[in-house]
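What follows is a set of notes on a single structure, which appears directly below.
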Amino acid sequence: MHYQAPLWLKGGHAQTVWPALFIHLPRPPYRREVWSTPDGGEIAVDCIDGDGGAPLVVLFHGLEGDSDSHYAKALMLEVQARGWHGAVPHFRGCGGISNTLRRAYHAGDSAEIGWILQRLAESHAVVLTAGVSIGGNMLLKYLGEHGRRALPLAAAAISVPVDLAAASAQLDHGLGKVIYTRMFMATLKPKAREQLALHPGLFDAYKLDRAKTFREFDNLVTAPIHGYRDAFDYWDRASSKPFLSRIETPTLVLNAKNDPFLPPSALPLPQDTSRWVTLEQPEEGGHVGFPTGRFPGQLDWLPKRLLAYFDQQLAAGPTP
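This is how it looks when you write it as structure tokens:
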């Protein structure tokens with residue numbers, strides 16, 4: 001399946017913003033579970049109930065996303081139509097569940113991916129996993145760290161900022177800063193203030209109010225809370241690109257070359273990966289956009305591409 005952007009919709013920024021604003025999908029019939037985390041917090045997991053013995057598709061959402069993000073609804077509707085099981089676990093503080101802990105979620109938190117998949121695998125024989133953007137970065141890092149011990153039969157990572165330093169530089173300047181960084185700060189900063197109210201002294205409230213870039217926010221909040229020296233140490237150690245060569249699970253890594261979150265020069269090359277990784281880098285698609293067809297467009301290309309890849313891996317069976 002080769003992606004081809006419609007002629008009326010060209011450019012990474014358009015393909016990133018457009019689907020969420022103008023292409024409306026029905027909400028899948030989610031059944032919500034609230035899980036206690038190993039460290040005393042809570043997360044929400046929105047589930048699709050399928051037929052007995054059917055595979056489970058797990059989707060890890062992107063930065064400040066949830067089960068109502070356009071890509072999550074599109075994939076889970078396709079999963080439901082097949083009679084498969086689905087699950088969209090939410091990261092700390094997302095999906096309407098407050099985060100009461102000192103920690104939040106971050107791009108390098110592969111341990112969070114691990115315990116979630118472990119719990120899901122206890123009740124599902126076949127687990128297929130996809131991750132979007134920051135969730136995809138966490139997933140790729142998990143896969144690389146665990147090698148043959150990784151739980152999914154197959155995985156897919158979509159629009160992943162595999163080089164966090166390059167992605168942050170891209171988002172902290174020009175249109176990236178005006179459009180996307182401002183959008184993310186509108187939800188990240190209020191959540192950080194809630195953490196600060198519960199844990200006084202966690203960071204400087206005045207500096208938080210003045211933070212306008214990912215570098216400033218990660219230096220002040222993300223890095224120190226999660227055990228990194230500073231933003232550069234966080235970006236270096238959490239980036240998934242160095243882990244691609246250690247993956248031993250069949251994995252599709254899908255990045256559009258016009259993704260406004262990552263410059264083309266930072267995209268992974270075949271020499272960066274193991275033989276289990278398939279790189280797919282269409283010219284168009286934006287950031288988790290990939291709309292097709294006549295205006296206002298459809299969002300079925302991405303879920304169909306992911307499920308076609310999973311079908312291929314199911315037919316091949318477990319890796320030897």
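Under the UniProt record's numbering, the sequence shown has 283 at position 283, and the numbering climbs by one with no breaks. Each residue gets a CB set at the ideal place from its N, CA and C atoms; glycine is no exception.
If only uninterrupted beta strand (DSSP E) runs of at least 3 residues are considered, those enclosed by the region 117-174 are 127-132 and 154-158. Pairing Phe232 with Met185 gives a Cβ-Cβ distance that is not under 8 Å.
When C-alpha distances from Gln80 are compared across Cys47, Glu194 and Thr181, the shortest belongs to Cys47. In the three-state reduction of the DSSP assignment, Ser110 falls in the helix class.
For the pair of segments examined, the region 158-172 was found to touch the region 221-241: the number of CB pairs separated by less than 8 Å reaches three. Counting C-beta pairs closer than 8 Å gives three or more between the region 85-97 and the region 39-57, which meets the contact rule. By the 16-neighbour rule on beta-carbons within 10 angstroms, Tyr206 is exposed.
Shown here for Ala154: same chain residues with a beta carbon closer than 6 Å to its own, the five before and five after excluded, namely Leu128, Pro250, Phe310 and Gln313 in chain order. The shortest C-alpha to C-alpha distance from Pro268 to any of Pro242, Asn258, Arg246 and Val288 is the one to Pro242. As far as DSSP is concerned, Ser245 takes part in no beta bridge. Under the 8 Å Cβ criterion, the region 108-121 counts as touching the region 134-154, having at least three qualifying pairs. Our two residues, Asn219 and Ala54, have alpha carbons roughly 44 Å apart in a direct line.
Taking every protein chain shown into account, the CB of Gln195 has 16 or more other CB atoms within 10 angstroms, so this residue is buried. Out of Ala223, Ile247 and His90, the CA that lies nearest to the CA of Asp68 is found in His90. His61 is classed as buried because its beta carbon has at least 16 other beta carbons within 10 Å across all chains shown.
In the displayed model, Trp35 falls within a strand according to three-state DSSP. Going by DSSP, Val277 is part of the beta strand (DSSP E) stretching over Val277 to Glu280. In the DSSP annotation of this structure, the continuous segment of the beta strand (DSSP E) that includes Glu42 starts and ends at Glu42 to Ile48.
One alpha carbon belongs to Gly144, the other to Arg246, and they sit about 5 Å apart. Sorting Phe261, Val253, Gln271 and Leu75 by C-alpha distance to the C-alpha of Phe214 places Phe261 at the top. Assigned with DSSP and collapsed to three states, Leu307 falls in helix.
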